[in-house]
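Residue numbers (my numbering): 115 to 200.
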């Protein structure tokens, strides 16, 4: 997923980050499922994705935004997983 760091705070606030990530995760989770593998837990996957987002920022992301990013990523992971498992 490409993250636009210039609009990241707004994308978190308006749900754009969550929606785009969810779409990508559904596709990826379907591929994992079709290969016979178990889907990763939402919290495990979310922490990895949030870490990548934070690590790739040019300047450090403040703690409050980092927390909100994790929450949005976690929700995207949970929703995508539920869609694939249903």
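Virtual Cβ for every residue (Gly too), placed ideally from N, Cα, C.
DSSP places residue 151 in no alpha helix (DSSP H); its state is neither H nor E. Counting only unbroken stretches of 4 or more residues, the alpha helix (DSSP H) elements lying wholly within the region 125-181 are 130-148, 156-169, in sequence order. The residue from 148, 140, 116, 165 with its alpha-carbon nearest to that of residue 197 is 140.
Rounded to whole angstroms, the Cβ separation of residue 119 and residue 177 is 16 angstroms, and the two are not in contact under 8 angstroms. A check of alpha carbon separations from residue 159 across 126, 190, 123 identifies 190 as the nearest.
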